[in-house]
């Protein structure tokens with residue numbers, strides 16, 4: 008899906024400052040720098056849309072500033088490819104290794120930590136592989152592989168798929184065979200398929216908890232419930248570099264980033280629930296900021312990386 012591009016404001020330094028500054032005023036502000044009536048092109052991961060959080064954030068942004076968000080939710084890998092091609096103003100994704108590569112290549116700027124939840128290993132209640140007896144993600148995957156129990160993989164280069172591959176690698180395994188099924192689809196479709204085939208899969212907690220039609224159970228928790236840190240699932244947001252793609256709406260991207268990382272935007276994330284459960288946890292505000300969020304992990308001022 009290609010984004011409908013818009014004619015954007017000139018990206019002079021004064022214009023950028025006015026636009027970002029203007030977004031702090033009322034949505035009815037008709038003065039220089041007002042963003043009311045513009046449209047932001049966003050590329051994001053399916054979990055933000057499938058859970059309903061994206062609609063909540065975008066509605067709050069529109070109510071505050073009179074600005075529409077045209078979001079394409081198609082997995083982290085696809086979102087980053089779309090932004091690399093200049094078809095998005097801002098990306099909201101959850102695969103730090105892919106985000107770092109995007110920044111190193113110069114396509115992404117002004118990254119912020121936004122929120123987090125975690126991944127969980129889910130499967131049938133009878134748990135034929137004994138995943139419920141494990142305490143580590145690698146041990147859970149080893150048990151599934153040893154039993155050749157059906158495992159459904161998203162197989163779509165999404166953030167969830169990236170994490171799944173990292174766990175297989177950490178376990179020293181290369182999954183394959185009839186028991187390992189790659190769908191190339193989103194989290195919702197993957198959960199549905201796993202449910203219908205009584206299979207195991209890796210899911211972000213938010214999408215799993217937002218569903219009330221699944222027989223699958225959480226068999227290995229992530230760190231939110233005391234599980235292994237390997238299953239942590241942080242989300243980041245960043246603007247597309249206007250020096251690479253001159254037609255992106257950088258002013259509007261920065262206004263959106265400013266809103267969702269503000270106390271108002273973070274409250275939307277914190278208060279969002281499904282089936283009585285909090286799905287995401289805000290992470291943008293802290294008394295002790297992590298400055299590494301703005302640059303690729305390991306980046307040093309002299310350009311060397313550890």
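Residue numbers (this note's numbering): 8 to 313. From the three backbone atoms N, C-alpha and C, an ideal C-beta is built for every residue, glycine too. Since the model is a prediction, treat every value here as computed from it, not as a measurement.
A Cβ-Cβ distance of about 7 Å is found for the pair residue 96 and residue 246, placing them in contact under the 8 Å criterion. Per DSSP, the unbroken alpha helix (DSSP H) holding residue 85 starts and ends at 83-91.
Between residue 87 and residue 76, the gap from beta carbon to beta carbon reaches 9 Å or more. In the structure shown, residue 284 falls within a strand segment according to DSSP collapsed to helix, strand and coil. Within the DSSP secondary-structure output, residue 123 pairs in a beta bridge with 241 and 288. Nearest neighbour of residue 81 by Cα position, chosen from 98, 65, 67 and 69, turns out to be 98.
For residue 75, the enclosing beta strand (DSSP E) covers residues 75-80. Taking C-beta atoms as the reference points, residue 128 and residue 197 fail to come closer than 9 Å. DSSP, reduced to helix, strand and coil, places residue 279 outside both helices and strands of the structure shown, so it counts as coil. With the rule of 3 Cβ pairs closer than 8 Å, the region 48-59 counts as touching the region 186-194. Between residue 132 and residue 152, the alpha-carbon positions lie close to 18 Å from each other.
Rounded to the nearest angstrom, the Cβ distance from residue 282 to residue 216 is 6 Å, consistent with a contact under 8 Å.
In this chain, the alpha helix (DSSP H) harbouring residue 267 covers 257-267. Rounded to whole angstroms, the gap between the alpha carbons of residue 61 and residue 113 is 26 Å.
With respect to the 9 Å criterion, residue 206 and residue 148 are not classified as neighbours on the basis of their beta carbons. Residue 235 is positioned such that its CB atom lies no closer than 9 Å to that of residue 164. If the five residues before and after residue 186 are omitted, its C-beta is found closer than 7 Å to the C-beta atoms of 155, 156, 157 and 158, all from its own chain and listed in chain order. At a Cβ-Cβ threshold of 9 Å, residue 266 and residue 123 do not count as neighbours. Annotated three-state conformation of residue 114 is coil, per DSSP. A straight line joining the alpha-carbon of residue 242 with that of residue 176 spans about 22 Å.
The residue among 249, 201 and 232 with its C-alpha nearest the C-alpha of residue 134 is 201. Within the DSSP bridge table, the entry for residue 50 names 79 and 98 as partners. The continuous alpha helix (DSSP H) containing residue 196 extends over residues 194-203. Per DSSP, the unbroken beta strand (DSSP E) holding residue 158 starts and ends at 158-160.
If the five residues before and after residue 109 are omitted, its C-beta is found closer than 6 Å to the C-beta atoms of 87 and 115, all from its own chain and listed in chain order. Using a 10 angstroms sphere on the CB of residue 161, the tally of other CB atoms reaches 16 or more, which defines it as buried. In this structure, residue 261 lies near residue 117, with their beta-carbon atoms less than 9 Å apart.
Residue 240 sits away from residue 218, with the two beta carbons spaced by 9 Å or more.
Between residue 268 and residue 140, the alpha-carbon positions lie close to 39 Å from each other. DSSP places residue 188 within a strand segment (E or B) once states are collapsed to three.
Given a length threshold of 4 residues, each whole run of the alpha helix (DSSP H) inside the region 133-158 is given here in chain order: 144-154. Taking 9 Å as the cut-off, the Cβ atoms of residue 214 and residue 57 count as close.
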